[in-house]
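Encoded as structure tokens, the structure appears first; notes follow it.
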Amino acid sequence: RALRGRIAVEVDAHARLAADGFRALLAGRANCALFVREPFPSEEAAFRARFGHAPLLVPVALGSFATRGGTHAIAIWVNDANPVRGLTLAQLRAAFSGRAATWGDLGLKGAWARRPIHLYGMVPTRSSGDPPGVVNYVERRVMAGAPFRRDLAQQVDRPGEQALAAIVRKVAHDPDGLGYSGFGYARSGARTVPLALKTGAPLVGGSPATVADAAYPLTRRIYVLVDRPPGRPLQPGLGRFLLQALSPAGQAAVAADPEGFLPLPAAEAAKARALVQ
Numbered sequence: 024r025a026l027r028g029r030i031a032v033e034v035d036a037h038a039r040l041a042a043d044g045f046r047a048l049l050a051g052r053a054n055c056a057l058f059v060r061e062p063f064p065s066e067e068a069a070f071r072a073r074f075g076h077a078p079l080l081v082p083v084a085l086g087s088f089a090t091r092g093g094t095h096a097i098a099i100w101v102n103d104a105n106p107v108r109g110l111t112l113a114q115l116r117a118a119f120s121g122r123a124a125t126w127g128d129l130g131l132k133g134a135w136a137r138r139p140i141h142l143y144g145m146v147p148t149r150s151s152g153d154p155p156g157v158v159n160y161v162e163r164r165v166m167a168g169a170p171f172r173r174d175l176a177q178q179v180d181r182p183g184e185q186a187l188a189a190i191v192r193k194v195a196h197d198p199d200g201l202g203y204s205g206f207g208y209a210r211s212g213a214r215t216v217p218l219a220l221k222t223g224a225p226l227v228g229g230s231p232a233t234v235a236d237a238a239y240p241l242t243r244r245i246y247v248l249v250d251r252p253p254g255r256p257l258q259p260g261l262g263r264f265l266l267q268a269l270s271p272a273g274q275a276a277v278a279a280d281p282e283g284f285l286p287l288p289a290a291e292a293a294k295a296r297a298l299v300q
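Oh and the sequence shown: position 113 is 136 in our numbering, straight run, nothing missing.
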């Protein structure tokens, strides 16, 4: 709300998850919600049912490069023995969905052409009916509506080991393994694969620099979700708050955040400001 020309921001200290803020938004107790992941399909459906239109997602930061937990970039892991040089997002979709069954289907030659692809990942759906945030991102960015292979070797959190760490461990012990995880879960025996957006596009390896400039295809983002009916402006105070978050000062605050989140590249910040003006 406006207060003598300034904006007073009230934060619900009890809301620890994106889902908490989203419920407050649906109930009218908040006018925006921070999302450190993309909304689940069930949340988008609930928003449409409540407001009659899709939510507006305003990117305000990039995820981290290699934190454990949080909104980190997604790394694609293969065994050290695997000679694959890189993969496109379409090839990943083919492998994760089962349309590519062998490494030959992904372009490898010789003895590797006949070797099967063993896929490792997280449990696709939790008891709530929603996927984990990492899976939700992979479904949106890579799968594009295609289902995961039925024989996906599902890894779960256990005492002393997170599911994402288990995925890399499994790949490190399986020459035919392929899995998604984070760069922060590196271990001997496994390596990450450079990725290309499409056939003919340059392969980009994941690094602090390529995630910071969003050149790496599986760089993630942090959003503020708001209700803005089509053709109508944002509430003035809310618009000013978002413009401040997207300003040089706001992005400098992102860079100083201990969670490891990264400022938006200048071009992305400009596009985000255009969304709220």
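Ideal Cβ placement from N, Cα and C applies to all residues, glycine included.
Along the alpha helix (DSSP H) that carries residue i, what are the first and last residues, could you check?
i, result
"residue 105", "Residue 105 -> no alpha helix (DSSP H), and no H or E assigned at all."
"residue 298", "289-299"
"residue 160", "156-161"
"residue 364", "In the structure as shown, the chain starts at 24 and stops at 300, and residue 364 therefore has no counterpart that could be examined."
"residue 65", "64-74"
Could you tell me which of the options sits nearest to residue i, measuring between CA atoms?
i, options, result
"residue 154", "299, 61, 50, 176", "61"
"residue 82", "63, 140, 58", "58"
"residue 108", "130, 118, 123, 97", "130"
"residue 141", "150, 126, 148, 151", "126"
"residue 145", "179, 207, 77, 97", "179"
"residue 252", "54, 158, 163", "54"
"residue 47", "283, 250, 265", "250"
"residue 172", "149, 262, 138, 123", "123"
"residue 143", "282, 44, 121, 65", "121"
"residue 175", "167, 234, 118", "118"
What is the residue span of the beta strand (DSSP E) that residue i lies within?
i, result
"residue 58", "55-58"
"residue 201", "200-205"
Could you compute how far the alpha carbon of residue i sits from the alpha carbon of residue j?
i, j, result
"residue 88", "residue 204", "12 Å"
"residue 132", "residue 74", "53 Å"
"residue 160", "residue 113", "15 Å"
"residue 243", "residue 165", "12 Å"
"residue 84", "residue 223", "29 Å"
"residue 280", "residue 217", "28 Å"
"residue 128", "residue 151", "35 Å"
"residue 296", "residue 276", "17 Å"
"residue 245", "residue 134", "43 Å"
"residue 103", "residue 187", "18 Å"
"residue 236", "residue 288", "6 Å"
"residue 265", "residue 299", "7 Å"
Which of the three DSSP states is assigned to residue i in this structure?
i, result
"residue 258", "coil"
"residue 114", "helix"
"residue 82", "strand"
"residue 144", "strand"
"residue 237", "coil"
"residue 178", "strand"
"residue 87", "strand"
"residue 27", "Here residue 27 scores only 44 on pLDDT, less than 50, and its place in the model should not be relied on; the value that follows carries that caveat. Residue state, collapsed to three classes: coil."
"residue 48", "helix"
"residue 216", "coil"
"residue 184", "strand"
"residue 271", "helix"
"residue 129", "helix"
"residue 139", "strand"
"residue 172", "coil"
"residue 98", "strand"
When burial is assigned at 16 or more other CB atoms within 10 Å of the CB, is residue i buried or exposed?
i, result
"residue 184", "exposed"
"residue 40", "exposed"
"residue 101", "buried"
"residue 52", "exposed"
"residue 182", "exposed"
"residue 76", "exposed"
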